[in-house]
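Asks:
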Amino acid sequence: MLLIASPHSGGLEGDQTPYNMLKHYLRQSFRNFKSNKLIFGGSIFTASLCALCISLLFAYVHNELTMDNFHKREKDIYLITTQASPESQAVLNSASLFFDFNYKKHPELENLVHIQKYEEGEIKFIVDEKIYLPEGLIADSSFFTVFDFELMAGRKDGILSDPAAMIITDKLAQKIFGSENPMGKFITIDYYIEKTFTIKGIVKTPPANSSITFDFILPTQNDGFFRSGADFILAKKGFNPVQFSEKIKDIGHSHPQFKNSITGLIPFNDIYFDGDEVSRKFIFSRTGDKKSVYILFVIMGMVFFISLLNFSNLQIININSSIKNIGINRISGAETKHVFYQKITEFIILILFSALLITAAFLWVLPMFNNFTGVKLSPRIWEIFIVNLSILFVLVSVALIYPTYVFLRIPISNNLKNQVFSDTKLAGRKVSATLQFALSFILLIASIVVVKQLDLMLNKDLGFTSSNIVRIKLLRDLHRTESEEEWEILVKKAKSNYQYVNDALANQSFIKNFSQGQSPINPFEMPWKTNHNQKDYSTQNGLSVTPHYLSLFGLSIAEGRFFEKGRDKSRGKQVIINQAAKKFWGIEDITKTRMLNKYWSSHDKGSDAGFEIIGVVKDFNSEHLSVSPQPLVMFYFEDRDADYLIEIESGSEERGIAFIRDLFEKFNPGEPVHYSLLSDEIEALYQKEKRLSEIYILFTVITFLISASGLFAIALYDTRKRTKEIGIRKVNGATISEILLLLNRDFVKWVAIAFVIATPIAWYAMHRWLQNFAYKTELSWWIFVLAGLLALGVALITVSWQSWRAATRNPVEALRYE
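Per UniProt numbering, the very first residue in the sequence shown carries number 1; after that it's consecutive.
#1: Taking contact to mean at least 3 C-beta pairs separated by less than 8 Å, is the stretch 194-203 in contact with the stretch 149-160?
#2: Where does M1 land, buried or exposed, given buried means 16+ other C-beta within 10 angstroms?
#3: I'd like to know whether the C-beta of R155 is nearer than 8 Å to at least one C-beta of chain C.
#4: Just grab the DSSP bridge partners of E612 for me.
#5: How big is the Cα-Cα spacing for L663 and V375?
#6: According to the neighbour-count rule (16 or more other Cβ atoms, all chains shown, within 10 Å of its Cβ), is residue 819 buried or exposed?
#7: On the three-state DSSP scale, how would you describe M67?
#8: Take every Cβ of the stretch 561-577, pair it with every Cβ of the stretch 483-493, and state whether three or more of those distances are shorter than 8 Å.
#9: Would you tell me roughly how many angstroms separate the C-alpha atoms of S179 and I189, rounded to the nearest one?
#10: Who are the Cβ neighbours of K688 in its own chain at under 7 Å, not counting the five residues just before and after it?
#11: Measure the alpha-carbon distance for Q579 versus I386 and round it to whole angstroms.
#12: Is the CB-CB distance between V633 and A558 below 8 Å?
#13: Could you check where the beta strand (DSSP E) with S544 kicks off and where it finishes?
#14: Go ahead and pull the three-state DSSP assignment for W600.
#15: Which same chain residues end up closer than 8 Å to T359 when comparing Cβ atoms and leaving out the 5 residues on each side of it in sequence?
#16: Which residues bound the alpha helix (DSSP H) around K582?
#17: According to DSSP, is E13 helix, strand or coil?
#18: Going along the chain, which residues of its own chain have a beta-carbon closer than 7 Å to the beta-carbon of I761, five neighbours each way excluded?
#19: In whole angstroms, what is the alpha-carbon distance linking S55 and P367?
#20: Is there contact here, the stretch 252-259 with the stretch 94-107, by at least three beta-carbon pairs under 8 Å?
#21: Is DSSP giving V375 helix, strand or coil here?
#22: Could you tell me the distance, in whole angstroms, from the CA atom of A795 to the CA atom of V61?
#23: Helix, strand or coil for F232 per DSSP?
#24: Less than 7 Å between C-beta atoms, sequence neighbours within five positions excluded: which residues of the same chain meet that for I266?
#25: Going by Cα to Cα distance, which pick from D270, I295, K124 is closest to F58?
#26: Report the three-state DSSP secondary structure of W804 (helix, strand or coil).
#27: Restricting to Cα atoms, I'd like to know which of N209, L137, K175 is closest to N222.
#28: Output the distance between the C-alpha atoms of V731 and Q315, rounded to the nearest integer angstrom.
#29: Using the three-state DSSP reduction, which class does A642 fall into: helix, strand or coil?
#30: Measure the Cβ-Cβ separation of R471 and D589 and say whether it is below 8 Å.
#31: DSSP on L426, reduced to helix/strand/coil?
#32: Taking buried to mean at least 16 other C-beta atoms within 10 Å of its own C-beta, is E129 buried or exposed?
#33: By how many angstroms is the C-alpha of F232 removed from the C-alpha of T220?
#34: At what residue ranges does the stretch 68-150 contain a whole run of the beta strand (DSSP E), taking only runs of 3 or more?
#35: Which complete beta strand (DSSP E) runs does the stretch 438-505 hold, if anything under 3 residues is left out?
#36: For N744, I'd like the list of residues in its chain whose CB is within less than 8 Å of its CB, leaving aside the five on either flank, ordered along the chain.
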């Protein structure tokens, strides 16, 4: 950092030993810091805020870009996928289960692991009459051969070959058993079957950069776990995925439901960013977004550039306003190299002090940042310190190149003129201030547009009712039994419970309506086609519903009718489509068209094959508003263990929730109650946009703070430089308002130029971003005017305090000062 030397310091005193020289440099540095508090404070503020922001964003981006790379052979792992038809979407599939795929018959492969994923709340753990609902995996014995999750206790070989063994994470072990050793303890699993497992292994909780998360692993050799899941293959060195995909593409044709299927591969290290969202969620707990990473890189670059300009400005102002004192020191005998060493010392002190300050701030802010991003980052302190030190070194070094070059080349005679940089060169600081505000403008406009788009998506009429609707699973799945008699008793009891729940809901005045089925925004995908259209099976959305679904969500029938109790039956041969589906398949007469499902209609023959279309509902938005309504097929599916969708009367929310909780606890004693509000689920669709808006707002504030600190320093320098001029003008009758106008005029001009530069850039960038949405907000003129007024307000507030002090100062004092 280039801070001035004190007028009281001469050359180097006494014996010029390295120790004495260092002692002198340190003493002089602290004198300089003390006599230049404003410049020192501004420099610390700019450098620290810049490094803190970049280090936080870098930690997040680094975590995203190194996802799953702790697996030693990450690049050799592939997932097997299946397309039901050439036009269908590729989905994760278990070729080992459905197609009898045996990796041992393929010399290119080293191993294969089959995995099923179960979300939190699906499988119940019972320990000492306490209930836990963790998330977990069902995997076979090769799990630890393919993946490198750290096993803290137990043997990798053979644990998952034992049907009665289980593995839990250290985090779950701490939660259930506290400080006790969990090895050898028992946990009862309740999921279709009820079985007791022995803990034979403890695995370290998956790190933050793992896309696969779990609390437990159970072996596949157990009845009751019958999900398709996914197969991961571990390839040998030299593996060619293109050739192997061609080799296995037809292996599903022997299966009656996959006669036209295409089997392929997806590299494991690609799926986090590039895999299909629907496929990924069946195994992977986290998915990435490359666009968000690119945006964060741009924001890091903007913060660094703004900080660089600001820091450089501060040093130029500092040198130019204090060079006379340095000249006196040089005349007194201080060599140029000693003055340079002095500045290097100040530079090192600044970096080390800032690095320590930022490391402490980083640790304080990190929990809030983790909560904000939803990622549990936990870097080591020395890593934080090194990253911050590196950022500061680059920032300060680059910022000081030009000021140091000029400083070392000037003759002593120029030092005594009290100016190093001419007025023409100092105009560069105005250019840099303008660029800072232009970049801040772009972020501000982006923030307003993103918030406006988010508001549109959260408040747009989706075509269905969403307020006060609760989704909850009230009745559990039945446990399988070997005894037919016991099974019949369970079924009879389940029917009785089902009827009780329906009657209880129907008899409450504060329950407005209820139905069973899937949430409108949570459809699942299956391959469909019509019996007339030439299109092959294509993957489209589907919803399971019951007759009350229509009135519950306020859907409208465009043609035909909806499902009716008594007239239609659950799992029947009727479906309802939406207008988008009718248009997609070119259906002219629904009474003469039947829908065919790749899996459900594979055995149907003749004119009655497939499903009768009994109605068409008006389009509603069942997905993110980045897409318009897509083809949708609805079918009647009423099941005792299906989710309930319950609408509560407005004003009776607390009473309704309490009743639903009591009803759940009646049939699921001791279990934690899990329910969700549909309005919250809709809001969750836009978490990415919400976080993006918050990031823009946060870093807009930060960039304005950095820019404002630099602007304040420039204003201080200008008022000090024009002290005599201001005094003369006041003696000659200039008013305070005229002096304020004189001092603020240039700053307003800089802001105006910044506005002109930033507006077309911001408009183009946000116009491109809005193309990602089917429903988009308008880039209204008032957005840019508002951004301009806000920036102008920040600039005027920043400089006006210093301008006011100069304008109200006694002119006699000003002239005496000169």
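Just so it is clear, CB atoms sit at the ideal spot from N, CA and C, and this is done for glycine as well.
Replies: Walking through what the data contain:
#1: yes
#2: With a pLDDT of 43 at M1, under the threshold of 50, the modelled position of that residue is not reliable, and the figure given next carries that caveat. Per the 10 Å Cβ criterion, buried.
#3: In the displayed structure, chain C is absent; only one protein chain is listed.
#4: E612 is bridged to Q574, R594.
#5: Spanning the two alpha carbons is a distance of roughly 35 Å.
#6: No answer is possible for residue 819: it lies beyond the span of the chain, which begins at 1 and ends at 818.
#7: If DSSP states are grouped into helix, strand and coil, M67 belongs with coil.
#8: no
#9: 22 Å
#10: D289, S292
#11: 58 Å
#12: no
#13: 538-545
#14: coil
#15: The answer, listed in chain order, is I381, I384, F385, N388.
#16: 579-584
#17: Note that E13 scores a pLDDT of 49, beneath 50, so its modelled location is shaky and nothing firm can be said.
#18: I442
#19: 14 Å
#20: yes
#21: coil
#22: The C-alpha of A795 lies about 32 Å from the C-alpha of V61.
#23: strand
#24: Around I266: Y78, L79, T81, G275.
#25: Of the candidates D270, I295, K124, the one whose C-alpha sits nearest the C-alpha of F58 is I295.
#26: W804 falls in the helix class under three-state DSSP.
#27: That would be L137, whose Cα lies nearest to the Cα of N222.
#28: 33 Å
#29: coil
#30: no
#31: Any answer about L426 is weak, because its pLDDT of 49 lies below 50 and its placement is not dependable; what the coordinates show is given next. If DSSP states are grouped into helix, strand and coil, L426 belongs with the helices.
#32: exposed
#33: 15 Å
#34: 77-83, 109-118, 124-127, 130-132, 136-139
#35: 469-472
#36: So the qualifying residues of the chain are L796, V799, S800, S803.
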